[in-house]
Each structure stands twice: as structure tokens, then as C-alpha cells.
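Numbering (the UniProt record's numbering), first residue to last: 1 to 352.
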């Protein structure tokens with residue numbers, strides 16, 4: 001009898017791991033065939049949830065939908081992950097350049113609205129498809145880990161271009177995590193970051209997906225993270241924005257939607273509190289895990305413009321080394337929206 005139970009337990013563990021391995025592969029490897037991808041977990045029925053748990057997501061390679069209405073040129077950038085496709089939109093008399101990086105299962109065409117507003121503010125823009133997405137090579141994603149190498153490759157490319165000016169990195173969700181890792185571990189040093197809803201860790205984002213379906217996350221979330229890392233050649237449990245943040249001294253604007261079911265307030269608080277450079281935070285009461293300009297366009301534009309205006313102002317504060325208007329603005333706006341550490345050693349290395 002005991003031997004029967006032992007074999008049953010071994011068989012159950014084997015089945016669970018096979019299912020987790022299959023799910024992890026579907027999450028991180030796109031298929032070439034077109035067609036719709038699986039709906040968001042929050043939108044599927046109970047029967048669809050059961051089928052999803054058994055079969056995994058359908059994950060076709062994201063395809064760009066449309067092109068910018070502003071003048072641009074297509075460029076290709078070499079990355080360790082393959083050739084990246086990007087749209088480069090210069091402006092006359094630019095104040096700087098914004099490089100835009102998309103989220104999971106997305107592409108650069110989803111960032112056209114943001115890019116157009118940055119151009120309106122006087123910034124050239126570079127919209128990038130991560131490897132495996134849109135027009136870039138490959139069919140694989142690591143949800144922020146190897147995408148950090150793409151960020152670093154893009155920054156190197158922009159640094160070789162004439163008149164790039166101060167460089168701002170913009171990214172939601174996976175794009176935000178890739179930016180944080182590129183600065184924390186790969187030595188990227190932009191003038192500023194604008195980050196939307198970075199998840200706290202790979203494990204946490206997997207757990208959140210199960211929570212959004214009202215399904216227990218143990219043990220599947222843990223196995224998904226483990227096998228996803230094994231399949232893609234990295235330790236996925238170590239992919240943690242909360243651990244990257246304390247190594248970031250770049251001035252950073254952090255954005256989050258209060259209705260976000262995929263990135264929690266606790267994760268956002270942890271990332272924000274860890275950032276060591278000048279920082280500003282804006283929460284959007286009406287928005288979820290989505291572009292914030294959709295639900296609250298005026299607040300989004302006001303926040304972006306205010307942050308960039310303060311960063312581009314001249315004159316330095318003697319104690320912080322920040323531009324005078326930035327120091328004054330930060331001192332007037334305490335947490336939760338604004339916090340700044342004034343130690344010069346904390347700010348060293350950032351560019352303005």
C-alpha cells in the first residue's frame with residue numbers, strides 16, 4: 001500500500017512539472033503562426049480558465065500595427081539577442097532623446113502615442129522592438145532579463161549618433177524591468193528614467209497572474225519561474241526589480257495605476273523606496289495595467305512634461321548637485337509623489 005502511494009506521488013509530481021514546463025515554454029516562446037493570443041486572465045470565463053491551465057497560453061509573435069504619423073526612419077541595431085528593429089524620429093532643435101521600450105507580448109507600435117507627445121515636448125524618439133517582438137529577430141522573450149541587453153545595445157547606438165543630447169529611457173512593465181536591470185548590472189547610465197509599473201520580481205508577477213484568475217499560485221507559479229529560467233538559461237528567481245532599484249541613482253519618474261491587478265501597490269512601494277537617486281512618483285486612480293494616457297490623459301501629460309521640464313532646467317544646487325529648479329521642486333513635494341536623497345555620493349554618476 002505504501003509503495004502504491006509513493007508511486008502515485010511521484011507520478012503526480014511528474015505531471016505537475018511537465019505541465020509547468022509546457023506553460024513556461026509557451027510564456028517565453030512565441031509562435032510564428034498568426035492569429036489572436038490568449039485573452040488576459042482577468043477576462044476569461046471559468047471554463048476558459050480550466051482550459052488555459054491545461055493547455056497554456058496561445059502566444060503568437062507580436063506584430064506591429066500601423067506606423068507613426070510623425071516623420072521617422074526605420075533603423076536596425078545589433079544586440080547580443082539578434083537584430084533589433086526600431087523607428088527613429090529626430091526633431092529640429094531637440095532637448096534630448098527618449099528611447100521607448102515596450103512591455104510583455106507587445107511591440108513598438110503600441111508606444112506611438114507616447115512618442116508623439118515626447119516629440120511635442122521637443123525630444124527625438126527611438127521606438128524599439130525587443131528581440132523576439134515586432135520586427136526584431138527571434139521568437140523568444142525572457143520577460144525583462146535578456147531584454148536588458150537590448151536596452152544596453154540601444155543606448156550604445158544612440159551614444160554614437162550626433163546630437164543625441166540627454167538620454168531618457170521610457171518603459172512600461174517588462175520594459176521598465178529591463179531598464180532597471182540594464183542600469184543595475186550592465187552599466188547603462190541615462191540622464192533620466194520614466195518607468196511604468198515594473199513588477200517586483202518574476203515570481204511575484206507569476207503569482208499575480210494566478211491571483212487574477214482566482215487560482216492558488218502554489219506550486220505552479222514557483223515551477224513556472226524555475227522552468228522558465230532553465231529553458232532560457234538564467235536564474236529567473238533572481239529577476240527582481242526590488243533588488244535592482246537600490247543600485248539606481250538616475251533621476252526616475254515612477255508611474256503606477258491603482259487598478260493594476262498585475263503589479264501591486266506593495267511591489268510599487270518597494271521599487272520606489274529602493275531607488276537611490278532623485279525620484280518622483282505618480283499614481284493614476286483610474287488606470288490598470290495599461291497606458292495611463294488612456295484613462296487620465298491630462299494627468300499623464302502634466303506629469304511627463306513637469307518631470308522633463310525640471311530635469312532640463314539650468315543651475316545646480318550646491319548641496320545636491322541638482323538643477324536649482326529640480327531641488328526646489330523636490331523639496332516642495334514629499335512622498336508619496338516625490339522623494340530625494342541629498343547626499344552627493346547618492347547622486348554621483350547621473351547625467352543631467
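We put the CB at the ideal spot given by N, CA and C, even for glycine.
Subject >> Identified DSSP bridge partners for residue 78 >> reply: Along the chain shown, read from residue 1 onward, the residue named residue 78 stands at position 78. Answer by DSSP bridge pairing, in chain order: 83.
Original post:
Which of helix, strand or coil does DSSP assign to residue 17?
Top reply: The residue given as residue 17 occupies position 17 in the chain shown. Looking at residue 17 - three-state DSSP - the assignment turns out to be helix.
Original post:
Between 188, 9, 228 and 227, which lies nearest to residue 151 when the distance is taken from Cα to Cα?
Top reply: As a first step, residue 151 must be located in the chain shown, where it is residue number 151. The shortest Cα separation from residue 151 among 188, 9, 228 and 227 belongs to 188.
Original post:
Helix, strand or coil: which one does DSSP assign to residue 107?
Top reply: Start at 1 with the first residue of the chain shown, and residue 107 comes out as number 107. Coil at residue 107, not helix or strand.
Subject >> Run of the alpha helix (DSSP H) containing residue 295, from where it starts to where it stops >> reply: On the chain shown, residue 295 is found 295 positions in, with the first residue counted as 1. First-last of the alpha helix (DSSP H) with residue 295: 292 to 295.
**OP:** Give the DSSP-derived three-state secondary structure of residue 376 in the structure shown.
**Re:** Past the boundaries of the shown model lies residue 376; the chain is included only from 1 to 352, so the question cannot be answered.
Original post:
With a cut-off of 7 Å, does the C-beta of residue 192 fall near any C-beta of chain D?
Top reply: This model lacks chain D altogether; it includes just one protein chain.
**OP:** Could you check what DSSP says for residue 310 in three-state terms: helix, strand or coil?
**Re:** Taking the first residue of the chain shown as 1, we reach residue 310 at position 310. Helix, per DSSP.
**OP:** Could you say which of 215, 16, 19 and 156 lies nearest to residue 77 if we only look at CA atoms?
**Re:** For the purposes of this step, residue 77 is identified with residue 77 of the chain shown, where counting begins at 1. Looking at the Cα atoms, 156 is the closest of the given residues.
Original post:
residue 124 bridges to which residues according to DSSP?
Top reply: Along the chain shown, read from residue 1 onward, the residue named residue 124 stands at position 124. DSSP output for residue 124 lists 97 as bridge partner(s).
**OP:** Compute the beta-carbon to beta-carbon distance between residue 201 and residue 241, rounded to the nearest angstrom, for a pair I have assumed lies under 8 Å.
**Re:** The residue labelled residue 201 in the question sits at position 201 within the chain shown. The residue labelled residue 241 in the question sits at position 241 within the chain shown. Going by Cβ atoms, the distance from residue 201 to residue 241 rounds to 7 Å, so yes, they are a contact pair.
Original post:
So, helix, strand or coil for residue 168, using DSSP?
Top reply: In the chain shown, the residue the question calls residue 168 occupies position 168. Note: residue 168 maps to strand in three-state DSSP.
Original post:
Helix or strand or just coil, what does DSSP make of residue 237?
Top reply: As a first step, residue 237 must be located in the chain shown, where it is residue number 237. Of the three classes helix, strand and coil, the one that applies to residue 237 here is helix, per DSSP.
**OP:** Mind reading off the beta-carbon distance from residue 108 to residue 128? Whole number of angstroms is fine, and I expect it under 8 Å.
**Re:** Translated into positions along the chain shown, residue 108 becomes position 108. Translated into positions along the chain shown, residue 128 becomes position 128. Contact holds; Cβ gap of about 6 Å.
Subject >> residue 251 versus residue 181 - alpha carbon distance >> reply: By one-based count along the chain shown, residue 251 stands at place 251. By one-based count along the chain shown, residue 181 stands at place 181. Going by the C-alpha atoms only, they are around 15 Å apart.
**OP:** Drop a sphere of 10 angstroms on the beta-carbon of residue 30, count the other beta-carbons inside from all chains shown, and report buried for 16 or more, exposed for fewer.
**Re:** Residue mapping note: residue 30 aligns to position 30 of the chain shown, counting from 1. Counting Cβ neighbours within 10 Å, residue 30 comes out buried, since at least 16 surround it.
**OP:** Determine the direct distance from the alpha carbon of residue 7 to that of residue 184, and round the result to whole angstroms.
**Re:** Along the chain shown, read from residue 1 onward, the residue named residue 184 stands at position 184. Along the chain shown, read from residue 1 onward, the residue named residue 7 stands at position 7. Near 46 Å, if we compare the C-alpha coordinates of residue 7 and residue 184.
**OP:** Can you tell me which of the three DSSP states residue 201 falls into?
**Re:** Residue numbering aside, residue 201 sits at position 201 when the chain shown is read from its first letter. Residue state, collapsed to three classes: strand.
Original post:
Would you report the Cα separation of residue 74 and residue 130, rounded to the nearest angstrom?
Top reply: Taking the first residue of the chain shown as position 1, residue 74 is located at position 74. Taking the first residue of the chain shown as position 1, residue 130 is located at position 130. In a straight line, the C-alpha of residue 74 is about 15 Å away from that of residue 130.
Subject >> Sub-7 Å separation of residue 141 and residue 135 beta-carbons >> reply: The count along the chain shown starts at 1 and reaches residue 141 at position 141. The count along the chain shown starts at 1 and reaches residue 135 at position 135. Contact: no.
Original post:
Can you give the Cα-Cα distance for residue 233 and residue 28, rounded to whole angstroms?
Top reply: The count along the chain shown starts at 1 and reaches residue 233 at position 233. The count along the chain shown starts at 1 and reaches residue 28 at position 28. In a straight line, the C-alpha of residue 233 is about 12 Å away from that of residue 28.
Original post:
In chain order, what residues of the same chain lie with their CB nearer than 8 Å to the CB of residue 86, ignoring the 5 residues before and after it?
Top reply: On the chain shown, residue 86 is found 86 positions in, with the first residue counted as 1. Hits under 8 Å: 74, 75, 76, 77, 108, 126, 127, 128, 129 and 154.
**OP:** Return the CA-CA distance between residue 283 and residue 269, expressed in angstroms with no decimal places.
**Re:** Your numbering for residue 283 matches position 283 in the chain shown. Your numbering for residue 269 matches position 269 in the chain shown. About 11 Å.
**OP:** Could you tell me whether the segment 10 to 23 touches the segment 206 to 223, using the rule of 3 or more Cβ pairs below 8 Å?
**Re:** yes
Original post:
Short check: CB of residue 81 to CB of residue 149, under 7 Å?
Top reply: By 1-based counting over the chain shown, the position of residue 81 is 81. By 1-based counting over the chain shown, the position of residue 149 is 149. Yes, the Cβ-Cβ distance between residue 81 and residue 149 is below 7 Å.
**OP:** Would you mind sorting residue 303 into buried or exposed? The rule is 16 or more other CB atoms within 10 Å of its CB.
**Re:** Locating residue 303 in the chain shown gives position 303, counting from the first residue. It is buried - the Cβ of residue 303 has at least 16 other Cβ atoms within 10 Å.
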